[in-house]
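For what it's worth, numbering that gives the first Met the number 0 labels the leading residue of the sequence shown as 0, then goes sequentially.
Built from N, CA and C at the ideal position, the CB exists for glycine as well.
These numbers were taken from a predicted model, which means no experiment stands behind them.
Input: a single structure, listed below in structure tokens.
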Amino acid sequence: MRRLLRRTHHTEAHVAGEVAAAAAVTTAPAEPDLEAAAFFDVDNTMMRGASIYHFARGLATRGLFTTSDLMRFAIGQAAFRLRGNENPEHIAVAREAALAFVAGSKVEDVVRLGEEIYDEVMADRIWAGTRALAQSHLDMGQRVWLITATPVELARVIAQRLGLTGALGTVAETRNGVYTGHLVGDLLHGPAKAEAVRALARREGLDLTRCTAYSDSANDLPMLSLVGHAVAINPDSELREHARKHAWPVKDFRTGRKATLAALPVAAGIGAVAGGIAAGIALRRHYRTR
0 MRRLLRRTHH TEAHVAGEVA AAAAVTTAPA EPDLEAAAFF DVDNTMMRGA SIYHFARGLA
60 TRGLFTTSDL MRFAIGQAAF RLRGNENPEH IAVAREAALA FVAGSKVEDV VRLGEEIYDE
120 VMADRIWAGT RALAQSHLDM GQRVWLITAT PVELARVIAQ RLGLTGALGT VAETRNGVYT
180 GHLVGDLLHG PAKAEAVRAL ARREGLDLTR CTAYSDSAND LPMLSLVGHA VAINPDSELR
240 EHARKHAWPV KDFRTGRKAT LAALPVAAGI GAVAGGIAAG IALRRHYRTR
């Protein structure tokens, strides 16, 4: 009798699967538009707040470093945001410190933690409006890349979870799957983003006059000015003014929450590196005690 019931259940499941597949409505994919693409900044453009800060929060919930460590990091980023100062020398020092801390960590461990923490902490912080804009480019057959100072491994996780084409991020040197503590090139920030877009356009055969770029920060003006279509998303005051003067579209998804969001840590320049330091400290502590 049990065998008969199992067989009946299996048959019903098979039939249900066949029926569901037959009833599925399929739409023809958009014809690929290989010369046009869209580039989205991540922090406060695609995601509310700073991706590396949310990653650090996820590490904190795992006990990899303390809440007070996280608070010091958050206060440091907020102070940086208010000063608006991106002294190249300070950025270089912070970058070297971050790289020294992450040295010796396995890439696969960082990717695994990134996937877990995205699902737990970051997914609910994606701006629905920006995600819809990215989807509109995909629906037109265009490729969509994230472009961010965040480590490329974390940027790729975000892009994969969102169903985007891929991501350009800061690249740390690895050897045999382990971080060496050195960068390949420099932070993907400011003018470096524009250079990355140019390089990708050459490789992929893109017509930059037909491409679109999205950002919240005036730091990304080199990238925004490079493409044929620039859009300011949740812009800072400098970018908003620039967009007004150049008749760029402005979209703000922070309605009713601007004051709250303005106080959130923003990973820009040295702020992103500070996040790397916090995460790097946690990873180093964790893997040295395993």
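Between Val249 and Asn175, the alpha-carbon positions lie close to 44 Å from each other. Under the DSSP assignment, Phe54 falls in the alpha helix (DSSP H) whose first and last residues are 50 to 60.
In the three-state reduction of the DSSP assignment, Glu172 falls in the strand class, which pools E and B. Take Gly168, set aside five residues on each side of it, and the residues of its chain with a beta-carbon closer than 8 Å to its own are Leu145, Ile146, Thr147, Ala148, Thr149, Pro150, Val151, Glu152, Leu153, Ala154, Arg155, Leu187, in chain order. Between the beta-carbon of Ala133 and that of Leu161 there is about 7 Å, and that keeps the pair under the 8 Å contact cut. Contact between Ile116 and Val41 is absent: CB atoms are separated by about 14 Å, not below the 8 Å threshold.
The C-beta of Ala59 has 16 or more other C-beta atoms within 10 Å across all chains shown, which makes the residue buried. Distance from the Cα of Tyr213 is smallest, within the candidate group Arg130, Gly57, Glu194, Thr164, for Arg130.
Taking the Cβ atoms as the reference, Ala217 lies roughly 18 Å from Glu194, outside the contact range of under 8 Å. Beta-bridge pairing by DSSP links Lys250 to Ile232.
When Met45, Phe38, Arg253 are compared, the shortest CA-CA separation from Arg142 is found for Phe38. Gly57 sits buried, since 16 or more C-beta atoms from the chains shown fall within 10 Å of its C-beta. Residue range 177 to 182 is occupied by the beta strand (DSSP E) that includes Val177. In the DSSP assignment, Pro150 is bridged to Thr169.
Within a 10 Å sphere around the beta-carbon of Met139 sit fewer than 16 other beta-carbons, which makes this residue exposed. Thr129: member of the alpha helix (DSSP H) spanning 127 to 138, first to last residue.
DSSP places Ala193 inside the alpha helix (DSSP H), whose first and last residues are 190 to 203.
Tyr213 is bridged by DSSP to Phe39, Val230.
With contacts defined by Cβ atoms closer than 8 Å, Lys192 and Pro221 form a contacting pair.
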